[in-house]
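Shown next, in structure tokens, is the structure this report addresses.
Protein chains in written order, with the numbering used here: chain A, 2 to 326; chain B, 2 to 326.
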């Protein structure tokens with residue numbers, strides 16, 4: 002089934018997602034971006050693929066469509082005004098905004114605003130992604146489905162940042178001194194987003210209290226010298242980040258190590274329960290590809306979800322397109 | 002939320018499931034079984050736990066409840082008359098009947114009958130289990146959610162039958178000669194059930210044709226002598242079964258080896274696609290525990306599913322209860 006789509010946010014992820022949507026047979030019927038240098042340009046030109054219309058600066062100016070793919074910022078307070086006009090007029094929203102994975106706990110007012118707009122428009126609004134959105138939250142829930150009872154959950158993800166985009170290597174602090182890393186952390190806004198949202202989603206699924214839950218961030222210090230195309234890491238300097246979240250009891254621990262030269266990259270879920278389950282995704286899901294893919298795969302199912310602000314827990318099974326040849 | 006439950010089928014799995022339901026705080030308000038030796042007995046006596054009523058021989062005689070747990074036979078044609086009276090009067094059905102995993106293709110008439118009864122009662126009817134129901138069908142779909150495109154799916158399960166119940170060891174033919182195994186296969190009804198249903202569920206999710214799909218069954222011949230509590234396997238005799246299904250193109254291959262002395266038991270899913278994904282459940286889910294657990298976990302969500310005959314693909318995320326201590 003071909004969807005009409007508005008691409009909102011024309012950064013690298015947004016452009017890649019829109020192109021892949023077109024390659025799947027969907028139609029890009031408009032685009033929105035806050036950059037004045039893009040506004041007024043042909044969407045087809047900006048994307049480099051078949052598309053209709055010109056880039057507008059406001060959701061209100063975009064045409065009607067089945068789904069808006071929102072790949073703008075991580076901060077939900079800033080994403081709400083983007084989503085509400087789409088939702089109100091019956092355009093479903095799928096977004097990679099990290100704070101949208103499970104916003105009810107951290108941002109109840111913004112959540113209610115989205116929920117009301119979505120119900121008014123008779124469509125669903127969903128945040129998804131690989132992390133947050135799948136590996137450290139949705140997947141542990143799904144893997145518990147055939148388990149009698151769970152006593153603790155430990156999910157971790159090890160990513161070799163050296164094999165990823167330059168901006169990602171910068172984001173994880175590769176090449177910084179430990180003191181510089183500490184300064185960045187103290188300044189705020191540094192590192193990967195969405196751990197608390199993953200924890201909130203897990204706690205919602207398992208009916209657990211999130212009071213006293215906390216996040217952590219620390220550097221991974223390199224014991225070897227590594228040079229990539231984008232970063233130079235000396236012995237004793239920062240190779241990347243070690244971040245995560247845990248609930249107050251320590252029964253739920255979510256953990257990401259994303260650093261240059263990471264050994265044994267993988268996604269691993271351990272459920273201590275009856276029985277004990279350990280599941281490994283060899284090599285781990287590739288962040289950019291997977292986030293793009295899960296958002297598109299969700300967009301293809303979002304019209305069957307019940308109207309309102311939804312989470313991955315509410316969704317029917319998403320799946321990839323099967324391609325012959 | 003405490004459910005009122007009718008346990009239908011009082012074999013080992015049914016009794017275990019009902020007891021676990023009670024341990025979770027649900028109420029068994031009745032039971033049905035075809036064995037005249039059980040009919041009229043106190044349900045509490047038969048289950049060995051708190052329960053109401055006496056065992057009846059007919060669904061019509063059972064009281065109203067939220068959910069009927071149906072653990073009777075694998076043959077859907079025989080399960081339909083059991084389920085319909087429950088569904089019509091608004092009791093949801095969760096069953097471990099293998100043919101109920103995805104019955105639309107093989108048994109469209111029975112499927113429509115169940116679907117109509119469920120819609121009439123405003124409740125859902127679901128088949129679930131670990132295999133079929135999860136490892137070789139639902140899990141590969143879920144693991145594809147963050148994948149850009151899939152070109153082939155290979156899922157397999159290796160079970161050490163020597164660590165399972167005596168009836169299971171008998172079911173897989175442990176200790177038979179190859180000639181006896183061939184006779185059992187030729188006689189029909191031998192081996193594990195549900196491979197075609199798993200294939201149908203996968204094909205439904207991925208929009209693939211099932212024409213020309215086939216199943217296979219062959220013995221695993223032992224190259225060592227093994228004696229378990231329940232079976233004695235000589236060198237050159239049958240240790241167990243190798244069974245599965247594949248679509249006509251060979252792009253989807255589902256595979257079960259269940260034999261005494263199995264090396265490296267595990268559940269493994271490989272998706273060849275963009276990117277390629279390989280996921281391993283170390284040791285594999287334990288069949289009896291997992292089937293019992295997933296049915297109960299499904300029962301706890303079945304009232305939120307849309308009325309009608311449903312499959313795992315339609316369900317929101319199931320999860321295990323989280324237990325402190």
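We put the CB at the ideal spot given by N, CA and C, even for glycine.
In chain order, what residues of the region 291 to 304 of chain A put their CB closer than 9 Å to some CB of chain B? Listed by position, the residues of the region 291 to 304 of chain A near chain B (Cβ gap below 9 Å) are 291, 292, 293, 294, 295, 297, 298 and 299.
Please confirm if the region 264 to 279 of chain A is in contact with the region 268 to 279 of chain B, defined as three or more CB-CB distances below 8 Å between the two stretches. Contact between the region 264 to 279 of chain A and the region 268 to 279 of chain B is absent, with fewer than three C-beta pairs closer than 8 Å.
What does the alpha-carbon distance come out to for the pair residue 86 (chain A) and residue 71 (chain A)? Note on geometry: alpha-carbon atoms of residue 86 (chain A) and residue 71 (chain A) lie some 12 Å from one another.
Continuous beta strand (DSSP E) assignments of at least 3 residues falling wholly in the region 124 to 162 of chain B: The qualifying runs are 125 to 128 and 150 to 161.
Taking only three categories from DSSP, how would you classify residue 196 (chain B)? Helix at residue 196 (chain B).
What are the start and end residues of the alpha helix (DSSP H) that includes residue 117 (chain B)? First-last of the alpha helix (DSSP H) with residue 117 (chain B): 109 to 122.
List the residues of chain B whose Cβ lies closer than 7 Å to the Cβ of residue 208 (chain A), in chain order. Listed along chain B are 323, each with a C-beta nearer than 7 Å to that of residue 208 (chain A).
What residues are listed by DSSP as bridge partners for residue 243 (chain A)? Looking at the DSSP assignment, residue 243 (chain A) forms a beta bridge with A:219 and A:258.
Taking the continuous beta strand (DSSP E) assigned at residue 93 (chain A), which residues delimit it? Bounds of the beta strand (DSSP E) holding residue 93 (chain A) are 93 to 96.
Determine the closest residue to residue 50 (chain B) out of B:124, B:94 and B:21, with distance taken between C-alpha atoms. Ranked by Cα distance from residue 50 (chain B), the options B:124, B:94 and B:21 are led by B:21.
Min CB distance residue 8 (chain A) to chain B below 8 Å: No, no contact with chain B.
Sub-8 Å separation of residue 65 (chain B) and residue 90 (chain B) beta-carbons: Cβ distance < 8 Å, so residue 65 (chain B) and residue 90 (chain B) count as in contact.
Identify every run of the beta strand (DSSP E) within the region 24 to 57 of chain A, keeping only runs that are complete inside it and at least 3 residues long; order them along the chain. DSSP runs (the beta strand (DSSP E)) wholly in the region 24 to 57 of chain A: 28 to 33.
Residue 280 (chain B): contacting residues in chain A (beta-carbon distance under 8 Å): What residue 280 (chain B) touches in chain A: 280, 281, 282 and 283.
Have a look at residue 125 (chain B) and residue 155 (chain A) and give me their C-alpha separation to the nearest angstrom. In a straight line, the C-alpha of residue 125 (chain B) is about 33 Å away from that of residue 155 (chain A).
C-alpha gap between residue 175 (chain B) and residue 224 (chain B), whole angstroms: Rounded to the nearest angstrom, the two C-alpha atoms are 13 Å apart.
Assuming contact is defined by CB atoms lying nearer than 8 Å, are residue 245 (chain B) and residue 217 (chain B) in contact in what I supplied? The beta carbons of residue 245 (chain B) and residue 217 (chain B) sit closer together than 8 Å.
Mind pulling the chain B residues with CB within less than 7 Å of residue 260 (chain A)? For residue 260 (chain A), no chain B residue has a Cβ inside 7 Å of its Cβ, as the nearest lies near 20 Å away.
From the beta carbon of residue 13 (chain B), is the nearest beta carbon of chain A less than 8 Å away? Closer than 8 Å: no.
Contact under 8 Å by Cβ, residue 253 (chain A) with residue 149 (chain B): Between residue 253 (chain A) and residue 149 (chain B), the CB-CB gap reaches or exceeds 8 Å.
Starting from the C-beta of residue 15 (chain B), find all residues in its chain whose C-beta is less than 6 Å away, skip the five residues before and the five after it, and write them out in chain order. Excluding residues within five positions, the ones whose Cβ falls inside 6 Å are 8 and 72.
Beta-carbon spacing of residue 56 (chain A), residue 42 (chain A) below 8 Å: Cβ distance < 8 Å, so residue 56 (chain A) and residue 42 (chain A) count as in contact.
What are the residues that DSSP puts in a beta bridge with residue 311 (chain A)? Partner(s): A:127.
Compare the C-beta of residue 152 (chain A) with all C-beta atoms of chain B and state if any pair is closer than 8 Å. It does; some Cβ of chain B falls within 8 Å.
State the start and end residues of the unbroken alpha helix (DSSP H) segment that holds residue 185 (chain B). Note, residue 185 (chain B): alpha helix (DSSP H), 179 to 188.
Cβ separation of residue 130 (chain A) and residue 295 (chain A), assumed to be a contact under 8 Å, to the nearest whole Å: The pair is a contact, with the Cβ atoms about 6 Å apart (cut-off 8 Å).
Starting from residue 190 (chain B), find everything on chain A with Cβ-Cβ shorter than 7 Å and list it in chain order. Simply none; closest approach about 26 Å.
Min CB distance residue 275 (chain B) to chain A below 8 Å: Under the 8 Å criterion on CB atoms, residue 275 (chain B) is classed as interfacial with respect to chain A.
With 16 as the cutoff for other CB atoms within 10 Å, does residue 2 (chain B) come out buried or exposed? Exposed: under 16 other Cβ atoms inside 10 Å.
According to the neighbour-count rule (16 or more other Cβ atoms, all chains shown, within 10 Å of its Cβ), is residue 236 (chain B) buried or exposed? Residue environment for residue 236 (chain B): exposed (fewer than 16 other C-beta atoms within 10 angstroms of its C-beta).
Three Cβ pairs or more, each shorter than 8 Å: is that satisfied between the region 96 to 107 of chain A and the region 132 to 144 of chain A? Note that the region 96 to 107 of chain A touches the region 132 to 144 of chain A; at least 3 beta-carbon pairs, one per stretch, sit closer than 8 Å.
Return the residue from the list A:28, A:151 and A:187 that minimises the CA-CA distance to residue 325 (chain B). That would be A:151, whose Cα lies nearest to the Cα of residue 325 (chain B).
Nearest residue (CA-CA) to residue 271 (chain A), options A:139, A:5 and A:144: Selected option, being the one with the closest Cα: A:144.
Using only the alpha-carbon positions, how far apart do residue 255 (chain B) and residue 215 (chain B) sit? Distance between the alpha carbons of residue 255 (chain B) and residue 215 (chain B) is about 11 Å.
Chain B residues whose Cβ lies nearer than 8 Å to that of residue 21 (chain A): Neighbours of residue 21 (chain A) on chain B, chain order: 149.
Under the three-state reduction of DSSP, which class applies to residue 279 (chain B): helix, strand or coil? The three-state reading of DSSP puts residue 279 (chain B) in strand, counting E and B together.
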